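Residue numbers (my numbering): -11 to 105. In this text, a Cβ means the ideal position worked out from N, Cα and C, and glycines have one as well. What you are looking at is a predicted structure, and each value in this text was computed from that prediction instead of being measured. The structure appears below as structure tokens.
And the structure:
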């Protein structure tokens, strides 16, 4: 079992910055890939950024150059630094981890990010 707690969401003006954090506890030694996803009402949850245990990253095109994902394997934390925020970045952001071997997935509870124009 892995428990995930997200923090750092809020309201920001367009052009501003926020940093989201995800703290994992439990069977953290089995965590492989970590990632951030987001969802708006009526739409499917979409990938924002992922990072492997080795540090390889991947981003959705719409956030490339503006968002940076990072993780600290020793502290079992993951961050998403979001700069130059746009109103279309408004969504609930979810932390997700995938376990090595089983492929089991765990999700955080979500944190709201609202970007005003």
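Coarse secondary structure for residue i, derived from DSSP in three states
| i | result |
| --- | --- |
| residue 59 | strand |
| residue 51 | helix |
| residue 18 | helix |
Straight-line Cα distance separating residue j from residue i
| i | j | result |
| --- | --- | --- |
| residue 38 | residue 24 | 6 Å |
| residue 28 | residue 42 | 30 Å |
| residue 80 | residue 26 | 5 Å |
| residue 5 | residue 84 | 22 Å |
| residue 21 | residue 58 | 12 Å |
| residue -5 | residue 87 | 22 Å |
| residue -3 | residue 51 | 17 Å |
With 16 other Cβ atoms within 10 Å as the buried cut-off, status of residue i
| i | result |
| --- | --- |
| residue 96 | buried |
| residue 34 | exposed |
Best match in the options for proximity to residue i [C-alpha to C-alpha]
| i | options | result |
| --- | --- | --- |
| residue -11 | 2, 6, 13 | 13 |
| residue 0 | 8, 45, 53 | 8 |
| residue 89 | 49, 19, 48, 67 | 19 |
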